[in-house]
Amino acid sequence: MLSLQSKQQIDHEIAKYPADQKQSAVMSALRIAQDEHGWLSREVMNSVAEYLGMTPIAVYEVATFYEMYNLKPMGRHKITVCTNLPCALSGATELCDNLKRRLGIDFNEVTPDGEFSLKEGQCFGACGDAPVLLVNNHDMHSFMDEDKVDALLKELKS
Ligand code: FES
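So that you can map any letter, position 79 of the sequence shown is 244 in my numbering, and since no number is skipped, the others follow by simple counting.
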């Protein structure tokens with residue numbers, strides 16, 4: 166389930182830890198596996214467990230704890246909105262309502278065309294930029310309002 170390229174990337178992460186601690190690379194390995202497959206199926210997580218010499222349940226525990234891991238297929242653009250208190254006080258609730266209405270989906274759903282998913286996220290450590298959202302776990306957007314949501318959706322659709 167893991168390509169040679171993914172294994173090489175995981176090896177690079179494993180090398181950052183003592184030789185007998187390769188399970189310390191589990192979060193990176195899951196990220197790499199998710200980048201390859203788009204989401205973490207049971208089979209993909211089992212492959213990560215086998216590669217790192219871990220029990221599958223130990224890998225599932227990590228994958229189910231953090232919201233950046235996709236445990237089912239997501240849209241091409243996964244939008245994760247921080248809904249923790251500083252963002253909520255700065256308009257995250259309205260931002261989520263706007264995105265749900267615009268996309269026609271609720272949290273953890275995928276638009277019928279497969280383009281978008283919406284998720285609820287925990288603090289991204291950017292509370293001063295609230296409200297914030299992430300696209301595909303990497304691309305952060307700050308001080309989001311209706312105009313910025315319009316521009317972002319247009320950009321992602323194009
Ligand atoms: S509460 Fe939203 S980034 Fe910290």
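Think of the CB as a built atom: it goes at the ideal place given N, C-alpha and C, for glycine as much as any other residue. Since the model is a prediction, treat every value here as computed from it, not as a measurement.
- In terms of side-chain proximity, the C-beta atom of P221 is found no nearer than 7 Å to any non-hydrogen atom of ligand 1.
- By the criterion of at least three beta-carbon pairs nearer than 8 Å, the region 220-230 is not in contact with the region 253-273.
- Not one heavy atom of ligand 1 is found less than 7 Å from the C-beta of F308.
- Considering only P277, G290, Q173, the residue with the shortest C-alpha distance to A194 is Q173.
- Per DSSP, V246 is one residue of the beta strand (DSSP E) stretching across 242-247.
- Leaving aside the five residues that flank Q188 on each side, the residues in its chain whose CB is nearer than 6 Å to its CB run, in chain order, L217, M219.
- Pairing M233 with G203 gives a Cβ-Cβ distance that is not under 8 Å.
- A contact is defined here as three or more CB-CB pairs under 8 Å, and the region 282-300 meets this definition with respect to the region 239-257.
- Between F289 and M305, the CB-CB gap stays under 8 Å.
- Secondary structure note for M192: its alpha helix (DSSP H) is the uninterrupted segment 191-202.
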